[in-house]
Amino acid sequence: MADSPIPGGDTPEQRIVNPLCERETINALRKQFGFAFNKGLGQNFLVNPRIPWQIVQEADIDASWGVLEIGPGIGCLTYELAQHAGRVAAVEIDAALLPILEQTLPFDNVHVVHADFMDLNLADWLPSQFGDRPVAVVANLPYYITTPILMRLLEQAPPQLRRIVVMVQREVAVRLCAPSGSPEGGAISLAVEYRSLPRILFRVPPGCFMPAPKVESAVVRMDLRTSPAVSCSNPDAMFRLIRQGFGQRRKTLVNALGNQGPFSKALLGDALDALHLARDIRAERMTLSQFAALTDFLLNHACPDGGAVL
Ligand code: SAM
């Protein structure tokens with residue numbers, strides 16, 4: 190299903206019960222706990238019960254799985270996850286939501302953790318939470334920090350992370366799933382392609398949230414690969430080149446990389462010739478395998494110690 194609207198209808202027989210997705214519940218909790226939405230933390234809570242239900246269907250998890258949720262809010266997605274996963278660890282940065290979550294999520298398999306997701310060391314933290322279970326990240330992400338969260342997951346998560354199913358802004362969803370070499374792509378698209386097989390599942394209009402955001406949203410699923418999409422002698426160096434290239438995406442790659450970093454424009458030109466690429470190519474026209482080949486060429490010809498200067 191490519192980028193279609195929310196699947197299913199809203200006929201009575203399909204009605205889904207999730208008390209934490211009701212505007213009345215959210216308003217009652219706001220009153221009871223004196224809670225105010227924090228815009229700066231990307232707090233747009235889901236108020237259409239079909240969305241968390243559908244997200245969890247698409248995540249395709251069962252009791253053998255652990256789920257990391259980033260930002261449970263008042264717990265409407267967590268509520269659905271608790272019915273399917275063996276264990277859910279929900280990481281929430283906002284201390285004001287903790288007493289609310291204590292009341293809304295009375296489930297033995299749910300553990301709320303008060304932390305900034307960006308402070309977690311995933312290589313240690315995931316096994317400490319989930320043992321050797323396969324893990325999925327399932328979340329309605331705070332939009333102000335979508336890319337750093339996804340980069341952290343793609344770069345740092347141990348192999349037990351098998352799947353990421355996240356709600357993001359629709360234009361970000363398109364970028365995440367853009368094949369490398371296409372104009373919609375960015376540095377994040379190449380990182381996603383390197384580590385996963387991504388696809389857009391469905392769109393979500395602003396009216397499904399409280400308060401309603403200004404933009405449309407979409408849910409993306411990324412299945413983590415067991416080995417990277419391309420082989421490169423130094424992936425860290427490759428991603429530094431990718432970031433530099435996209436940092437000045439209007440410039441040719443030779444100028445974007447040659448004006449900073451350790452490689453001369455002459456060597457960069459030689460590398461493009463050797464790879465049969467145009468000398469005026471820009472980062473957005475480069476595929477992931479071409480970036481891998483470029484990195485290997487540059488490291489072999491300029492940097493015999495394996496890329497320490499890159
Ligand atoms: N899951 C809820 C839902 O779908 O209704 C809330 C989603 S809301 C878009 C994003 C949530 O992420 C908020 O609860 C916000 O406080 C939390 N959050 C924001 N930044 C965070 C961070 N760095 N680490 C953990 N949680 C964060």
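For the sequence shown, the residue numbers in the working numbering are 190 to 499. We put the CB at the ideal spot given by N, CA and C, even for glycine. For clarity, every value in this text was computed on a predicted model and none was experimentally measured.
**Q.** Asp-425 Cβ short of 7 Å to the ligand SAM heavy atom set
**A.** Exclusion of Asp-425 from the 7 Å shell around the ligand SAM follows from its C-beta lying no nearer than that to any non-hydrogen atom of the ligand.
Q. Smallest Cα separation from Gly-262: which of Val-302, Glu-247, Arg-276, Ala-274?
A. The residue with the shortest Cα to Cα distance from Gly-262 is Val-302.
Q) By DSSP, does Gln-246 sit in helix, in strand, or in coil? A) Note: Gln-246 maps to helix in three-state DSSP.
**Q.** Rounded C-alpha distance that separates Ala-248 from Leu-483
**A.** Going from the Cα of Ala-248 to the Cα of Leu-483 covers about 36 Å.
Q: Round the Cβ separation of Ile-215 and Met-356 to the nearest angstrom and send it over; I've been treating them as touching at under 8 Å.
A: Actually they are not in contact, since the Cβ atoms of Ile-215 and Met-356 sit about 17 Å apart, beyond 8 Å.
Q. Is Met-340 near the ligand SAM, going by C-beta to nearest heavy atom under 7 Å?
A. No; taking the cut-off as 7 Å, the Cβ of Met-340 has no heavy atom of the ligand SAM nearer than that.
Q.
For Phe-435, report the span of its alpha helix (DSSP H) as first-last.
A. Unbroken alpha helix (DSSP H) run through Phe-435: 424-436.
Q | alpha helix (DSSP H) segment containing Gly-447, residue limits | A | Start and end: 442-447.
Q.
Using the three-state DSSP reduction, which class does Ala-260 fall into: helix, strand or coil?
A. Note that residue 260 is Gly in the sequence shown, not Ala. Coil at Gly-260, not helix or strand.
Q) What is the DSSP secondary structure of Asn-329, counted as helix, strand or coil? A) If DSSP states are grouped into helix, strand and coil, Asn-329 belongs with the strands.
Q) Quick one, are the C-beta atoms of Leu-343 and Val-326 less than 8 Å apart? A) Contact: no.
Q: For Phe-296, verify whether its CB is less than 7 Å away from any heavy atom of the ligand SAM.
A: No, since every heavy atom of the ligand SAM falls outside the 7 Å radius drawn around the Cβ of Phe-296.
Q. Going by the beta-carbon positions, is the gap between Gly-458 and Ala-445 smaller than 8 Å?
A. No. Outside cutoff.
Q: For my contact list, Phe-486 and Ala-460 are in at a C-beta cut-off of 8 Å; report their separation, rounded to the angstrom.
A: About 5 Å separates the two Cβ atoms, so the contact holds.
Q.
I want to check one thing, is the minimum distance from the CB of Gly-223 to the heavy atoms of the ligand SAM below 7 Å?
A. False, no ligand heavy atom lies under 7 Å from that Cβ.
Q: Quick one: using the 10 Å Cβ neighbour count with 16 as the cut-off for buried, is Pro-201 buried or exposed?
A: Summary for Pro-201: the model assigns pLDDT 48, below 50, so the residue's position carries little reliability; its value from the coordinates is reported in the next sentence. By the neighbour-count rule (16 or more Cβ atoms within 10 Å), Pro-201 is not buried but exposed.
Q | Start-end ranges of the alpha helix (DSSP H) lying completely within the stretch 330-359, minimum 4 residues | A | Taken in chain order, the unbroken stretches of alpha helix (DSSP H) that lie wholly in the stretch 330-359 and span 4 residues or more are 335-345.
Q. Any contact of the stretch 215-231 with the stretch 384-398, i.e. 3+ C-beta pairs under 8 Å?
A. The answer is no - the stretch 384-398 does not touch the stretch 215-231, with fewer than three Cβ pairs under 8 Å.
Q. Taking the DSSP output, what are the residues bridged to Phe-398?
A. Under the DSSP definition of a beta bridge, Phe-398 partners with Leu-235.
Q. In whole angstroms, what separates the C-alpha of Val-404 from that of Asn-448?
A. Looking at the two C-alpha atoms, the distance is approximately 36 Å.
Q. When the Cα atoms are used, what is the spatial distance from Ile-289 to Ala-217?
A. For Ile-289 and Ala-217, the gap between their C-alpha atoms comes out near 11 Å.
Q. Using the rule of at least 16 other Cβ atoms within 10 Å of the residue's Cβ for burial, across every protein chain shown, is Glu-291 buried or exposed?
A. Glu-291 sits exposed, since fewer than 16 C-beta atoms from the chains shown fall within 10 Å of its C-beta.
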